[in-house]
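First to last, the sequence lines map onto chains V, G, L and U. Here our numbering is used: the first residue of the first sequence is 616, the next is one more, and so on. Here our numbering is used: the first residue of the second sequence is 616, the next is one more, and so on. Here our numbering is used: the first residue of the third sequence is 616, the next is one more, and so on. Here our numbering is used: the first residue of the fourth sequence is 616, the next is one more, and so on. Where is the CB? At the ideal position from N, CA and C, for every residue including glycine. Predicted model, so just to flag it, every value in this text is computed and none were measured. Shown next, in structure tokens, is the structure this report addresses.
There are 4 protein chains.
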Amino acid sequence: MAARTHGQQALPTTFGLKVALWASPLLRQHERLDQLLPRFAVLQLGGAAGTLAALGPRGPALVRELAAELGLGAPDLPWHAQRDRIVELGGWLGLLAGSLGKLAQDVILLCQTEVAEVAEAAPGQRGGSSSMPQKNNPMRSEQILAAARRSGAELVALQQALVQEHERGTHGWQVEWLSLSPLLALAAGALHHAGSLIEELEVDAARMRDNLLAPPAGAFAEAAVGALSAVLERQEAQALVASCAARARAEGRTLVQVLEAELAGHHSIDWAWLAQPENHLGQALAWVDQSVTALRAAGDQIAARAQRAG
Amino acid sequence: MAARTHGQQALPTTFGLKVALWASPLLRQHERLDQLLPRFAVLQLGGAAGTLAALGPRGPALVRELAAELGLGAPDLPWHAQRDRIVELGGWLGLLAGSLGKLAQDVILLCQTEVAEVAEAAPGQRGGSSSMPQKNNPMRSEQILAAARRSGAELVALQQALVQEHERGTHGWQVEWLSLSPLLALAAGALHHAGSLIEELEVDAARMRDNLLAPPAGAFAEAAVGALSAVLERQEAQALVASCAARARAEGRTLVQVLEAELAGHHSIDWAWLAQPENHLGQALAWVDQSVTALRAAGDQIAARAQRAG
Amino acid sequence: MAARTHGQQALPTTFGLKVALWASPLLRQHERLDQLLPRFAVLQLGGAAGTLAALGPRGPALVRELAAELGLGAPDLPWHAQRDRIVELGGWLGLLAGSLGKLAQDVILLCQTEVAEVAEAAPGQRGGSSSMPQKNNPMRSEQILAAARRSGAELVALQQALVQEHERGTHGWQVEWLSLSPLLALAAGALHHAGSLIEELEVDAARMRDNLLAPPAGAFAEAAVGALSAVLERQEAQALVASCAARARAEGRTLVQVLEAELAGHHSIDWAWLAQPENHLGQALAWVDQSVTALRAAGDQIAARAQRAG
Amino acid sequence: MAARTHGQQALPTTFGLKVALWASPLLRQHERLDQLLPRFAVLQLGGAAGTLAALGPRGPALVRELAAELGLGAPDLPWHAQRDRIVELGGWLGLLAGSLGKLAQDVILLCQTEVAEVAEAAPGQRGGSSSMPQKNNPMRSEQILAAARRSGAELVALQQALVQEHERGTHGWQVEWLSLSPLLALAAGALHHAGSLIEELEVDAARMRDNLLAPPAGAFAEAAVGALSAVLERQEAQALVASCAARARAEGRTLVQVLEAELAGHHSIDWAWLAQPENHLGQALAWVDQSVTALRAAGDQIAARAQRAG
């Protein structure tokens, strides 16, 4: 399929690499969660104003025992007015929704009528409308993307809630309460829809190839400059590819066809090889293999942990 | 061209109506500016803490004279710690950048390789890259869209700055200062780029028509249901169009072709008429005419005012 | 009472002027609402993709009739993907919550134990706690201030929702729906609490005066410089007031007492007059009168309108 | 000094514990930075569209060598359109500015004329004004607090920038660029001012005690309920303390004085002990000792690392 930058076809790539890139922040999210949970899952108990005065000398022991009872860490200090633990979790939730939002945005773009490389579901199953039955709207992706953008609003509110006055703030905790639950719901919703989306996604590999090869097939320009550099100065090669790309677009032919006609005498260039996407994939296949291995390992780790937790 | 909802072709429309819709919030912005300027362009002068005490009895007269000298309105009360006038302007700037952002988002989508209905500039003039000369990146639209999204960040900061303590706040005015200048720059930059974008935009009307008519040409579904309702129950018509749309997609034919084959005996339906986009434009042409008139009138009004202002 | 800037006593003012300043943005909000309502309360009806094609030639008449039936304005164009009308209302709601937030922040500060110039309710009625019965927490103000800060989060989300793709966006309308209802609830809640707060507010005028006159009573410095300028160069007067203010603070006396001792020979200065807050209020009293008149007029206008509306 | 909740004196505490609580999120920030840096400081190099195709087979080796040369980690995959590493750093910067913002908000409140327990600098050194020499404005704290609130605006923009289209986005990277630099500047500025603020802070311990003991000295209520529970039912004790607190406020006496008069016969209660703040500090002193130890260890660790880095 075409790798796209600025919405324009740039180079050949594979759908596998796109999926591996979608998944890559999730591996980091897993690592981040492991690191933040011991900071987050910590008891807060300080009494009326954070000194434990009412509990007398047995206060610290009681804090330790209650924390153990609840399966929480015991705090070094109360954190009634120091909300960084909460906001750190909020940031993690935002990263989750946002990373899934990138996936969803890509799916929405790939679902466009003129691109049509994927669909969220088989035609007629979901996302249609009675008056416009030709439609196949990417409903799950829209929910995910809305969650990604909306999460930013919750984060800015949480940030305000870091400013708590004295030993208990005057309004920051209300702001925090209004933000943390939605953030959890948005991230959970995005995750739920992303799971179903990936399971149900209809992938049209032939269409991916067709879009890449459709005249003027400009995504072969970088490879063409590389191939021509064997017989021309690089700058000359670039200029020739540029002018032929423009001609290809104007004439409804492919860039490689126009170049081949232009350089008819140059028998040293393998035009058929140049026009094959498989020859220009760089590290895409190797990286997909590595990613699958890493994702499987993470999956095994999660499953093992879940089993231990009963 | 195709009207698109959820990224999917929905119905036929015209590019003119799309442009008229892009322009419509700008007319409202003009009206809003007329209304807010008398509230915004008002002198703030209250002395050290908003009582004018240091100026003695001549304070109010001095305020009126200074306001007149500066061409500003005279305030009913000082507004050193009541910043709604500033934040209202900020909201207007956000609406401007955001409305232009919608235009820019549409242009970016129309510039995609697979859509290619418009380009920001003639090929090779701007937005290319030396290694990928086939590209024609929508650079101006990207700036505008970045400004639209970024403006939201400034607005949330301005909102915080409404909370000023007592007669002069402790930090809100710094927050306000850090937000108002960027908002002005973002809106001005978006407006500048939008002006150039519209002037330079390359519109490919033939491609618009091609995309609309390309199989399965599903955007004719609503019209087809309408036409078939003359000879079938509406629900039956909908079901038939839905199944034929799916078949058209699978077979690489257009919906109307499939329907015509299916209903070969129904001589009462004018299939050639049905397959013509011009017959299904609803109010598009009339609305464009009305919009041009309204935009011209607004332009004349702005020009006349500029002339009076010297 | 003391006017305060940067949290520090600055000059004498009156509580009436503080209240008048709290109310001043509300008068502007009233004016803004009158202006925006005709833009906001407008029918949106464009059919599946904004051309009214399905309604045929009777579309425009039907739009006009439906708008009239609903008591809404008839749109010049559909606005399914142009959301400035919604976001403008959002901005107005943010201004309302934010302006009330400033009031609430002031009340919270005036309720502090060491200031104690107002209380939200009589002691023991609300805002206390069983373990700390001495407390009188400003619960309503906290809700209002939380609403003011939180509204900014909704605004930034609404701003993102201005960027709708083509004739119907892919996710912006979900973002908009998640923001508009909370904004309405936050503004309405803030308004409700502000109404009750003002009705129930306990004002301790004696404490206001005590705080202003408590040594070193530095809020008289500006007036002292003014008075001393009659017998000294202004710069000399400023330097003397500065050194006496420092001495007053160190010795637990008032600035005027220290100045009087320092300038014992200057019989031309009326020290008793200087130490009276009433002599240094600038325009405070006059402005309160004007504000009361303006607020009464606005109230009458609202009541008359409500009566006409039945 | 008084611990304060909702702006009201709640219980006795110590200024040391307040400082230890200010510092506590900074220790966690240190830990967070150690964890995120290996994720953040990673080379991004993927060629024109993320496949390294132009570099041929030597691509991966070149990536490893360049990363080593730059002292960066080598990426598992390019991350040109996966910006979670950047946004995670942004979140950390926001936590830093926000945690310092809480410190700054407390200082601003403690600097108020009526509280006056700390000052940012000795009188007359900074934060004054020529016309109001009595003022000692908390200028550094205001900068810090503005940075804390403003950082939220940058965070919401960064969150939007997570949504990058395909292999390179159309506008998200501009949004990211406009946000990351300010975030760094805001956090660095807040840190700089906080360092100077802490060094220069003038602490008035006598005033802290005076404010705590000033009638009605309600912060002793919790301790009073505890002491009275030895001779009364707890609910009876609470009711008595509540009524005596109200009386104390009305009569300008302290709560303990009123209670002592009320319970004149109860020789079992040590009224002098009850009126001493030192007897009601809970864990404050122990926690400060532990915090000093932890902060010293962190400081040593930072210094050692800086020395190793040369």
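Legend entry - Beta-carbon proximity list for residue 817 (chain L), same chain, < 8 Å, skipping 5 on both sides: 733, 734, 735, 736, 737
Inset, instruction - List the residues of chain V that residue 660 (chain G) touches, going by C-beta distances under 8 Å, in chain order. - result: Simply none; closest approach about 31 Å.
Inset, instruction - May I ask which residues mark the beginning and end of the alpha helix (DSSP H) holding residue 624 (chain U)? - result: Careful: residue 624 (chain U) lies outside any alpha helix (DSSP H), inside the beta strand (DSSP E) at 623-627.
Inset, instruction - Determine which residues of the region 670-683 of chain V have a Cβ less than 7 Å from any Cβ of chain L, and write them out in chain order. - result: none
Inset, instruction - Give the range of the alpha helix (DSSP H) segment to which residue 832 (chain U) is assigned. - result: First-last for residue 832 (chain U): undefined, no H or E at that position.
Inset, instruction - Check the Cβ of residue 787 (chain U) against every Cβ in chain L and list those closer than 8 Å, keeping chain order. - result: Within 8 Å Cβ-Cβ: nothing; residue 787 (chain U) doesn't reach chain L, min ~12 Å.
Inset, instruction - Spatial neighbours of residue 677 (chain L) within its chain, please: CB distance less than 7 Å, with the 5 preceding and 5 following residues excluded, ordered by chain position. - result: 670
Legend entry - Any chain G beta carbon closer than 7 Å to residue 823 (chain V): no
Legend entry - Inter-stretch contact (C-beta, 8 Å, three-pair minimum) for the region 776-788 of chain G and the region 712-726 of chain L: yes
Inset, instruction - Grab the span of the alpha helix (DSSP H) containing residue 975 (chain U) for me, first residue to last. - result: As shown, chain U starts at 616 and ends at 925. That puts residue 975 (chain U) outside it, with no answer to give.
Inset, instruction - Under 8 Å by Cβ, that's how I've got residue 636 (chain L) and residue 834 (chain L) pegged, so tell me the actual separation to the nearest angstrom. - result: In fact, because the Cβ distance is near 18 Å, the residues do not count as touching under 8 Å.
Legend entry - residue 914 (chain G), DSSP secondary structure in three states: helix
Inset, instruction - Taking C-beta pairs closer than 8 Å, name the residues in chain L that residue 777 (chain V) reaches, listed in chain order. - result: None at all; the shortest Cβ gap to chain L is about 12 Å.
Inset, instruction - Tell me whether residue 785 (chain G) is buried or exposed, calling it buried when 16 or more other Cβ atoms sit within 10 Å of its Cβ. - result: buried
Legend entry - Alpha carbon of residue 728 (chain U) to alpha carbon of residue 696 (chain V), nearest angstrom: 24 Å
Inset, instruction - May I ask you to verify whether the region 803-813 of chain L touches the region 644-660 of chain G, counting CB pairs closer than 8 Å and requiring at least 3? - result: no
Legend entry - residue 639 (chain G): contacting residues in chain U (beta-carbon distance under 8 Å): The premise fails here: residue 639 (chain G) is roughly 23 Å from chain U at the closest Cβ pair, so nothing lies under 8 Å.
Inset, instruction - Classify residue 879 (chain G) as helix, strand or coil using the three-state DSSP reduction. - result: coil
Inset, instruction - Going by CA-CA distance only, name the one from L:867, L:721, L:886, L:662 that's closest to residue 757 (chain L). - result: L:721
Inset, instruction - Can you tell me which of the three DSSP states residue 818 (chain G) falls into? - result: strand
Inset, instruction - Classify residue 917 (chain G) as buried or exposed, calling it buried when 16 or more other Cβ atoms lie within 10 Å of its own Cβ. - result: exposed
Inset, instruction - Measure the CB-CB distance between residue 926 (chain L) and residue 902 (chain G) and report whether it falls below 7 Å. - result: Shown here, chain L extends from 616 to 925; a query on residue 926 (chain L) therefore has no answer.
Inset, instruction - Given a cut-off of 7 Å, decide if residue 753 (chain G) and residue 723 (chain G) are closer than it, judged by their beta-carbon atoms. - result: yes
Inset, instruction - Along the alpha helix (DSSP H) that carries residue 654 (chain G), what are the first and last residues, could you check? - result: 630-655
Legend entry - Contact residues within the region 849-866 of chain G, judged by C-beta distance below 7 Å to chain V: 853, 856, 857, 860, 861, 864
Legend entry - Proximal residues to residue 909 (chain G) (C-beta, below 7 Å), its chain only, five neighbours per side dropped: 642
Inset, instruction - At 9 Å on the CB atoms, spell out the chain V contacts of residue 565 (chain U), in chain order. - result: Only positions 616 to 925 of chain U appear in this structure, which leaves residue 565 (chain U) out of reach.
Legend entry - Straight-line Cα distance separating residue 800 (chain G) from residue 773 (chain G): 15 Å
Inset, instruction - Report all residues from its chain with a CB closer than 8 Å to the CB of residue 856 (chain U); omit the five preceding and five following residues, and keep chain order. - result: 836, 839, 840, 843, 870, 874
Inset, instruction - Rank G:751, G:759, G:915, G:624 by C-alpha distance to the C-alpha of residue 623 (chain V) and give the top, closest one. - result: G:751
Legend entry - Nearest-angstrom Cα separation, counted from residue 846 (chain G) out to residue 716 (chain V): 46 Å
Inset, instruction - Please find out if some non-hydrogen atom of the ligand MG comes closer than 6 Å to the beta-carbon of residue 911 (chain G). - result: In the structure shown, the ligand MG is absent, as is every other ligand, since no ligand is present at all.
Inset, instruction - Using only alpha-carbon positions, find the residue among V:913, V:824, V:898 that is nearest to residue 672 (chain U). - result: V:898
Inset, instruction - Using alpha carbons as the reference points, say which of U:658, U:663, U:621 lies closest to residue 620 (chain V). - result: U:663
Legend entry - Same chain, Cβ closer than 6 Å to residue 762 (chain U), five either side skipped, listed in chain order: 712, 801, 804, 805
Inset, instruction - Using a cut-off of 7 Å between C-beta atoms, extract the partners of residue 758 (chain V) located in chain L. - result: 789
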